[in-house]
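Only one structure is covered here, and it is reproduced in the block below.
Residue numbers (mature numbering (1 follows the signal peptide of the UniProt record, and there is no 0)): -29 to -1, 1 to 510.
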């Protein structure tokens, strides 16, 4: 009974414990549920305080305390408030911008159409300005009017039409206010007047192009100077080529000067000053191509103070005995190319004067004439400067000289950097010449000063000569130095002149190969007493 009583008490205690434990868990569960709701609302209130006013935060705290009080007081809890999502703070308003006007969308960026820059330049025909082209009527004014119109238009073309002959007196086609790149299209023939009335006391040129940029003379036409009416006074007052004194005829059978016919239109004596047929002065980028210049009273084609000259595929023609009729004359010009042309005249085929540099002459036929010359230089005690000259791939037939440098006594300055290469000579009287005692009069005064010559190279000079193969006559006071000979093969051809051996005077340099004939007179090295040029003489 006692044991049973103990077991009953223990069992009853265990049951009471279970009942108490169950009530405790239920109470905790209810308390936890209301605590979680209160905590959730409190958290929501705290988060809302980030964007609500301070009063909203106080109201939330009061609501939390009321819910807690109702739970502790045992009163029925109020209905659960509806759940809601956490509010999102409103985005900050965009910055104010002025309303854009209603502008249509832009058009595609298409460049404007280019102007037609093809070969459609404006054309000015001399016949549209009154030129007759009959060879009798004076068309000078018509040419002047056509040029005046063409001068105003860039890349214009002035046309001298084919199948007509235009008599034109002295005329100047001048700038400097002309537009650039004008073309003078010469397909017809222009002839010079043979009456002295056109020339007054004498003019230095017949057709003159001055201070132009990009001027071109082209075509298949002819410029005829009709120079025979001017040549009749020779040899009375004209200078003569000094190398002629080296040419002694056999048995005096050769006439020194052949008679020259007088023009039928000569109605008075022509002035002693003879004009150049075609001259360019102070111009840039000059081109002469295709045309023929013939029978000029004096020089045929002259370039003075020009830069950038191209002469090609053209012809010059006058009798071999026409006096002082140089083919192409260069003076104070640089960057010049002369190529693929035929030059026949009564003086130098090409004459290179003072102030010239960067000259290139190649693939030229020369003859008759006096060859290709640098000079004459230093006349009347003047200073001359010439440099960087190349003459190559030239054929010379029946000329007085081949390649020549000629200077006067008393001059100053220098000639340097000259190459004569691949020159084929045929029946040339004096193929290689340096003459520092040049004189185109009967007598000249001896003087000690001279133009200095240095760096002169002759290579591949081949062919036949009729008087003397080499003539080097250099200054006593200022000898020629750095003269180089390479592959010289010159064979004699007996014709009607006395023949001579090579001649050298005060000439120093080097023989690179044996020569034909031997040129033993060239002195090797440099002169011991070579006087350096003063600053006044140097270029």
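All C-beta atoms in this analysis are idealised placements derived from N, C-alpha and C, irrespective of residue type, glycine included. Here the structure is a predicted model, which is why all the values come from computation and not from measurement.
Bridge partner(s) assigned by DSSP for residue i
{"i": "residue 384", "result": "355"}
{"i": "residue 475", "result": "443"}
{"i": "residue 451", "result": "478"}
{"i": "residue 397", "result": "368"}
{"i": "residue 271", "result": "The partner list for residue 271 (beta bridge, DSSP) is empty, contrary to what the question assumes."}
{"i": "residue 315", "result": "288"}
{"i": "residue 463", "result": "436"}
{"i": "residue 184", "result": "255"}
{"i": "residue 250", "result": "179 and 273"}
{"i": "residue 308", "result": "281 and 331"}
Straight-line gap, residue i to residue j (C-alpha atoms, nearest Å)
{"i": "residue 96", "j": "residue 380", "result": "51 Å"}
{"i": "residue 168", "j": "residue 141", "result": "11 Å"}
{"i": "residue 521", "j": "residue 344", "result": "Given a span of -29 to 510 for the chain in the structure shown, any question on residue 521 remains unanswerable."}
{"i": "residue 388", "j": "residue 262", "result": "32 Å"}
{"i": "residue 342", "j": "residue 221", "result": "23 Å"}
{"i": "residue 440", "j": "residue 155", "result": "43 Å"}
{"i": "residue 85", "j": "residue 150", "result": "Low confidence applies here, because residue 85 scores a pLDDT of 40, under 50, leaving its location unreliable and the question unanswered by this model."}
{"i": "residue 160", "j": "residue 265", "result": "11 Å"}
{"i": "residue 279", "j": "residue 360", "result": "15 Å"}
{"i": "residue 416", "j": "residue 113", "result": "50 Å"}
{"i": "residue 136", "j": "residue 104", "result": "5 Å"}
{"i": "residue 300", "j": "residue 461", "result": "28 Å"}
{"i": "residue 485", "j": "residue 267", "result": "43 Å"}
{"i": "residue 92", "j": "residue 450", "result": "56 Å"}
{"i": "residue 510", "j": "residue 477", "result": "22 Å"}
{"i": "residue 512", "j": "residue 189", "result": "The question about residue 512 has no answer, for the chain in this structure spans -29 to 510."}
{"i": "residue 494", "j": "residue 454", "result": "10 Å"}
{"i": "residue 109", "j": "residue 194", "result": "15 Å"}
{"i": "residue 497", "j": "residue 426", "result": "12 Å"}
{"i": "residue 430", "j": "residue 458", "result": "6 Å"}
{"i": "residue 119", "j": "residue 305", "result": "29 Å"}
{"i": "residue 456", "j": "residue 180", "result": "40 Å"}
{"i": "residue 438", "j": "residue 302", "result": "30 Å"}
{"i": "residue 133", "j": "residue 311", "result": "24 Å"}
{"i": "residue 211", "j": "residue 392", "result": "28 Å"}
{"i": "residue 284", "j": "residue 260", "result": "6 Å"}
{"i": "residue 70", "j": "residue 127", "result": "With a pLDDT of 43 at residue 70, under the threshold of 50, the predicted position of this residue should be treated as unreliable, though the coordinate-derived value follows. Looking at the two C-alpha atoms, the distance is approximately 56 Å."}
Option in the options with minimal Cα separation from residue i
{"i": "residue 147", "options": "452, 418, 183 and -18", "result": "183"}
{"i": "residue 176", "options": "249, 399, 322 and 367", "result": "249"}
{"i": "residue 326", "options": "307, 110 and 109", "result": "307"}
{"i": "residue 289", "options": "199, 376, 377 and 210", "result": "199"}
{"i": "residue 187", "options": "121, 240, 213 and 211", "result": "121"}
{"i": "residue 98", "options": "131, 124, 499 and 108", "result": "131"}
{"i": "residue 346", "options": "390, 406, 163 and 463", "result": "406"}
{"i": "residue 419", "options": "448, 443, 254 and 480", "result": "448"}
{"i": "residue 298", "options": "272, 492, 368 and 426", "result": "272"}
{"i": "residue 384", "options": "397, 424, 434 and 508", "result": "508"}
{"i": "residue 520", "options": "324, 246, 111 and 338", "result": "Any property of residue 520 remains undetermined from this structure, which presents the chain solely from -29 to 510."}
{"i": "residue 511", "options": "123, 107 and 111", "result": "The shown model of the chain, from -29 to 510, leaves out residue 511, and the question about it has no answer."}
{"i": "residue 257", "options": "128, 281 and 395", "result": "281"}
{"i": "residue 251", "options": "404, 362 and 143", "result": "143"}
{"i": "residue 178", "options": "162, 442, 499 and 192", "result": "162"}
{"i": "residue 358", "options": "424, 128 and 115", "result": "424"}
{"i": "residue 213", "options": "404, 474 and 500", "result": "404"}
For residue i, the three-state DSSP class (helix, strand or coil)
{"i": "residue 422", "result": "coil"}
{"i": "residue 415", "result": "coil"}
{"i": "residue 407", "result": "coil"}
{"i": "residue 122", "result": "helix"}
{"i": "residue -18", "result": "helix"}
{"i": "residue 111", "result": "helix"}
{"i": "residue 135", "result": "coil"}
{"i": "residue 521", "result": "With the chain running from -29 to 510 in the structure shown, residue 521 is simply not present."}
{"i": "residue 176", "result": "strand"}
{"i": "residue 44", "result": "Because the pLDDT at residue 44 is just 42, under 50, the model does not fix this residue reliably, and the point stays unresolved."}
{"i": "residue 377", "result": "strand"}
{"i": "residue 495", "result": "strand"}
{"i": "residue 211", "result": "coil"}
{"i": "residue 505", "result": "coil"}
{"i": "residue 297", "result": "coil"}
Under 8 Å between C-beta atoms of residue i and residue j
{"i": "residue 534", "j": "residue 334", "result": "As displayed, the chain neither begins before -29 nor continues past 510, which places residue 534 out of reach and without an answer."}
{"i": "residue 350", "j": "residue 382", "result": "yes"}
{"i": "residue 422", "j": "residue 355", "result": "yes"}
{"i": "residue 402", "j": "residue 432", "result": "yes"}
{"i": "residue 242", "j": "residue 173", "result": "yes"}
{"i": "residue 366", "j": "residue 329", "result": "no"}
{"i": "residue 197", "j": "residue 247", "result": "no"}
{"i": "residue 397", "j": "residue 373", "result": "no"}
Residue i Cβ short of 7 Å to the ligand ATP heavy atom set
{"i": "residue 294", "result": "The ligand ATP is absent from the structure shown, which contains no ligands of any kind."}
Neighbour flag for residue i against chain B, beta carbons, 8 Å
{"i": "residue 167", "result": "The displayed structure is made up of one protein chain only, and chain B is not part of it."}
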